[in-house]
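Below: the structure, in structure tokens.
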Amino acid sequence: MINIVLFGKPGAGKGTQAEFLKEKYNLTHLSTGDIFRFNIKNETELGQLAKTYMDKGDLVPDSVTIQMLQSEVEKNPNSAGFLFDGFPRTIAQAQALDAFLESKGQSITATVALEADDEILVQRLLERGKTSGRPDDQDEEKIRNRYQEYNEKTAPLIAFYQAQDKYHTVDGIGAIEEITARLSLIIDKL
Numbered sequence: 162m163i164n165i166v167l168f169g170k171p172g173a174g175k176g177t178q179a180e181f182l183k184e185k186y187n188l189t190h191l192s193t194g195d196i197f198r199f200n201i202k203n204e205t206e207l208g209q210l211a212k213t214y215m216d217k218g219d220l221v222p223d224s225v226t227i228q229m230l231q232s233e234v235e236k237n238p239n240s241a242g243f244l245f246d247g248f249p250r251t252i253a254q255a256q257a258l259d260a261f262l263e264s265k266g267q268s269i270t271a272t273v274a275l276e277a278d279d280e281i282l283v284q285r286l287l288e289r290g291k292t293s294g295r296p297d298d299q300d301e302e303k304i305r306n307r308y309q310e311y312n313e314k315t316a317p318l319i320a321f322y323q324a325q326d327k328y329h330t331v332d333g334i335g336a337i338e339e340i341t342a343r344l345s346l347i348i349d350k351l
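This is the structure we're talking about:
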């Protein structure tokens, strides 16, 4: 079983790349964004709670995120592996994910980070916001707030996964196919 964390700032292309990687490696794609949107659309209790944070451009608290994710993993007991997109975002989430996977006899195989310049990513998100309808992608101040939260809360995960020798980086700028090829070079060696 292969379990990959796809890492990167909002707009780095995690969702786009996840679509290719899940097909190529037969992984179950678990996007916290998609899980949140499903729960929000269906007005679940966790979805309503998550929406109050997302509307402000804040990260959803660990307890809410972890409950949603555990439910999705348990819905796919026969999966060949999981591609975690947008999770974990904090050390506490990474530790909770490790503990949860360990309880299932699994572990994270690798973390792969899509790296890109903030200014390029801000423009990507503003463009995405024109078609996605997501309010958090239409307001530059909210986007920059997400990056500030990312830098404060998520960037420490680099050291966490480096200490486990599971952290890999990929240049996230270029044609989609080029980025997919860069990711595949790393995953094929796992």
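Counting along the sequence shown from 1, when you hit position 169 you're at 330 in my numbering, and nothing is skipped either side.
Cβ atoms here follow ideal geometry from the backbone N, Cα and C, with glycine treated the same way.
With a threshold of 16 other CB atoms inside 10 Å of the CB of residue 216, please say whether the residue is buried or exposed.
As a first step, residue 216 must be located in the sequence shown, where it is residue number 55. In summary, residue 216 is exposed, with fewer than 16 beta-carbon neighbours lying within 10 Å of its beta-carbon over all protein chains present.
In the structure shown, what three-state DSSP assignment does residue 197 receive?
Looking up residue 197 in the sequence shown gives position 36. Look at residue 197 here: in three-state DSSP terms it is helix.
Output the residue ranges of the beta strand (DSSP E) runs that lie fully inside the segment 259–314 and measure 3 residues or longer, sorted by chain position.
Within the segment 259–314, the complete beta strand (DSSP E) runs of at least 3 residues are 271–276.
Note down the Cα distance separating residue 173 from residue 265, rounded to an integer number of angstroms.
Your numbering for residue 173 matches position 12 in the sequence shown. Your numbering for residue 265 matches position 104 in the sequence shown. Residue 173 and residue 265: Cα-Cα distance of roughly 30 Å.
Under a Cβ-count criterion, where at least 16 other Cβ atoms within 10 Å of its own Cβ denotes burial, should residue 241 be classed as buried or exposed?
Position 80 of the sequence shown holds residue 241. Exposed, by the Cβ-count rule.
Reducing DSSP to helix, strand and coil, say where residue 332 ends up.
In the sequence shown, counting from the first residue as 1, residue 332 sits at position 171. Residue 332 falls in the strand class under three-state DSSP.
Segment contact flag, the segment 304–324 with the segment 180–200, C-beta cutoff 8 Å, min 3 pairs
No, the segment 304–324 is not in contact with the segment 180–200.
Which of the three DSSP states is assigned to residue 232 in this structure?
Here residue 232 refers to the residue found at position 71 when the sequence shown is read from its first residue. DSSP, reduced to helix, strand and coil, places residue 232 within a helical segment of the structure shown.
Closest residue to residue 229 among 239, 197, 344 (Cα-Cα distance):
On the sequence shown, position 68 is the one that residue 229 refers to. Ranking the options by Cα distance to residue 229, first place goes to 197.
If we ignore side chains and look at the alpha-carbon of each, how far apart do residue 339 and residue 225 end up?
Your numbering for residue 339 matches position 178 in the sequence shown. Your numbering for residue 225 matches position 64 in the sequence shown. Cα to Cα, residue 339 sits roughly 35 Å from residue 225.
Which of the three DSSP states, helix, strand or coil, is assigned to residue 344?
Here residue 344 corresponds to residue number 183 of the sequence shown, with the count starting at 1. Residue 344: helix per DSSP, three-state reduction.
Expected contact under 8 Å - CB spacing of residue 168 and residue 270 to nearest Å:
If you number the sequence shown from 1, residue 168 lands on position 7. If you number the sequence shown from 1, residue 270 lands on position 109. That pair is no contact at about 13 Å.
What does a CB cutoff of less than 6 Å around residue 249 pick up in its chain, not counting 5 residues either side in sequence?
Within the sequence shown, numbered from 1, the residue matching residue 249 stands at position 88. Excluding the 5 residues flanking it on each side, residue 249 has same chain C-beta neighbours closer than 6 Å at 255, 258, in chain order.
Where do the N-terminal and C-terminal ends of the alpha helix (DSSP H) with residue 321 fall, by residue?
Position 160 of the sequence shown, counted from the start, is the residue given in the question as residue 321. Unbroken alpha helix (DSSP H) run through residue 321: 318–324.
Taking the alpha helix (DSSP H) that residue 182 belongs to, which residues open and close that run?
If you number the sequence shown from 1, residue 182 lands on position 21. In the DSSP annotation of this structure, the continuous segment of the alpha helix (DSSP H) that includes residue 182 starts and ends at 175–186.
Going by the CB atoms, is the gap between residue 307 and residue 176 shorter than 8 Å?
Here residue 176 is taken as the residue at index 15 of the sequence shown, counted from 1. Here residue 307 is taken as the residue at index 146 of the sequence shown, counted from 1. Their beta carbons are not under 8 Å apart, which means residue 176 does not touch residue 307 by this criterion.
Taking the straight line between their C-alpha atoms, what separation do you get for residue 301 and residue 312?
Looking up residue 301 in the sequence shown gives position 140. Looking up residue 312 in the sequence shown gives position 151. When rounded, the separation of the alpha-carbon atoms in residue 301 and residue 312 is 16 Å.
Tell whether a beta-carbon distance below 8 Å holds between residue 209 and residue 344.
Start at 1 with the first residue of the sequence shown, and residue 209 comes out as number 48. Start at 1 with the first residue of the sequence shown, and residue 344 comes out as number 183. Against a cut-off of 8 Å, the Cβ pair of residue 344 and residue 209 comes out as no contact.
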